[in-house]
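Note sheet for the following structure.
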Amino acid sequence: MIAGRTFHGDYARSVVKKGLFLDPDGIKGWLGGGTWRREEIAKPNGFGAFNLPGQLPQKVIPVSGSLIVHDRFDLAHEMKVLSGILGDGLAHRMSVVDHDGTTFRDVGLAISPDIVEVDAITARFTMSVWAADPRAYGETNYIPAGGQAVHYGNVAAFPVLTVRATTTMAGYTILGPGGKQYVVTQTLPAGSTAQIDMRTGWMTRGGVQQLGAVARADTWSIPGGQPVTQTLVPASGTGVLTAEVIDTFI
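When the letters of the sequence shown are read in order and numbered with the numbering used here, they come out as residues 14 to 263.
Structure representation (structure tokens):
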């Protein structure tokens with residue numbers, strides 16, 4: 014599905030008689046592929062370069078298939094509709110369903126649809142979409158209090174932590190992997206909650222970022238398939254820590 018429009022798999026032609034149908038390889042590079050980028054600094058007095066971290070850049074995904082309708086008048090109309098997909102220039106949700114479930118990412122248009130009429134009821138199309146974030150996402154894993162954070166993707170994912178005060182806490186520390194800590198000095202009243210997004214390191218309450226409330230803001234990620242322990246240590250009072258982690262893929 015792209016921007017609310019369904020693109021059927023090629024296998025669906027036996028049961029679905031009209032619509033947009035992908036080629037057997039109609040979505041190229043949804044997962045995998047891509048050239049990693051890294052800053053290359055040559056060693057001035059030695060072989061090779063310094064070993065610096067790499068990142069995946071934005072991603073272009075070609076899409077191809079057929080448009081099949083019942084009559085020529087439908088074909089002319091549907092060709093016009095398809096030619097305007099993602100035409101607002103904004104990013105919209107694209108999701109792919111396979112035997113392992115559903116993954117999604119937000120995409121904009123890279124190359125507008127090229128649509129060629131084949132016969133009275135069929136047209137061929139090719140187009141490409143552009144993803145600013147090269148990662149694809151799947152199901153959200155809800156981690157209860159006392160549980161280890163885990164997800165089932167193939168690359169590190171950043172959890173969103175929720176702290177709920179059972180009784181008033183005069184600050185608290187969250188212990189993460191590898192000695193990392195997230196230290197909050199702000200009081201959290203009984204029954205109140207705070208959220209910490211490990212992607213940004215920001216803490217919010219009621220959707221409002223809390224400035225000056227954090228003394229130490231280490232961030233961490235959850236490797237695919239590897240459980241990670243996260244522990245809440247209140248300065249005083251009691252509370253519970255839960256988390257959400259989205260399956261993340263490259």
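No residue lacks a Cβ here, since even glycine has one placed at the ideal position from N, Cα and C.
In the DSSP assignment, the beta strand (DSSP E) including residue i goes from what residue to what residue?
i, result
"H105", "H105 to D111"
"A89", "Run containing A89: none in the beta strand (DSSP E); it sits in the alpha helix (DSSP H), R85 to S96."
"A207", "T206 to D210"
"D132", "G114 to D132"
"F63", "Note, F63: premise wrong, no beta strand (DSSP E); not H, not E."
"R177", "V173 to A178"
"Q194", "Q194 to V197"
"I187", "Y185 to L188"
"N154", "A149 to I156"
"L201", "Note, L201: premise wrong, no beta strand (DSSP E); not H, not E."
"L254", "G252 to F262"
"K72", "K72 to I81"
"I40", "G32 to I40"
Our contact map puts residue i next to residue j with C-beta atoms below 8 Å; I'd like the distance itself, whole angstroms only.
i, j, result
"I144", "I74", "Position check: residue 144 holds Ala in this sequence, whereas Ile was assumed. So it is a contact: roughly 7 Å between Cβ atoms."
"I263", "P147", "6 Å"
"S234", "A170", "6 Å"
"V241", "A158", "Contact flag wrong, Cβ pair sits at about 15 Å."
"I128", "L103", "The pair is not a contact, with the Cβ atoms about 22 Å apart (cut-off 8 Å)."
Leaving out five residues on either side along the sequence, give the residues of the same chain with a beta carbon under 6 Å from the beta carbon of residue i.
i, result
"L122", "L99"
"T181", "P202, A203 and G250"
"R218", "A207"
Who are the Cβ neighbours of residue i in its own chain at under 7 Å, not counting the five residues just before and after it?
i, result
"A62", "E53, I54, A55 and K56"
Buried or exposed for residue i, please, with buried defined as at least 16 other CB atoms from any protein chain shown within 10 angstroms of its CB.
i, result
"T261", "buried"
"R212", "exposed"
"K93", "exposed"
"T19", "exposed"
"N154", "buried"
### Message
Below 8 Å, how does it come out for the stretch 167 to 183 and the stretch 205 to 214: are there three or more Cβ pairs, yes or no?
### Response
The stretch 167 to 183 is in contact with the stretch 205 to 214.
### Query
On the three-pair Cβ rule with 8 Å, is the stretch 35 to 55 touching the stretch 123 to 136?
In short, these stretches do not touch, since the Cβ pair count stays below three.
### Message
For the structure I just gave you, are there three or more beta carbon pairs, one from the stretch 83 to 91 and one from the stretch 48 to 57, closer than 8 Å?
### Response
No, the stretch 83 to 91 is not in contact with the stretch 48 to 57.
### Query
Three or more beta-carbon pairs under 8 Å between the stretch 217 to 232 and the stretch 189 to 203, yes or no?
By the criterion of at least three beta-carbon pairs nearer than 8 Å, the stretch 217 to 232 is in contact with the stretch 189 to 203.
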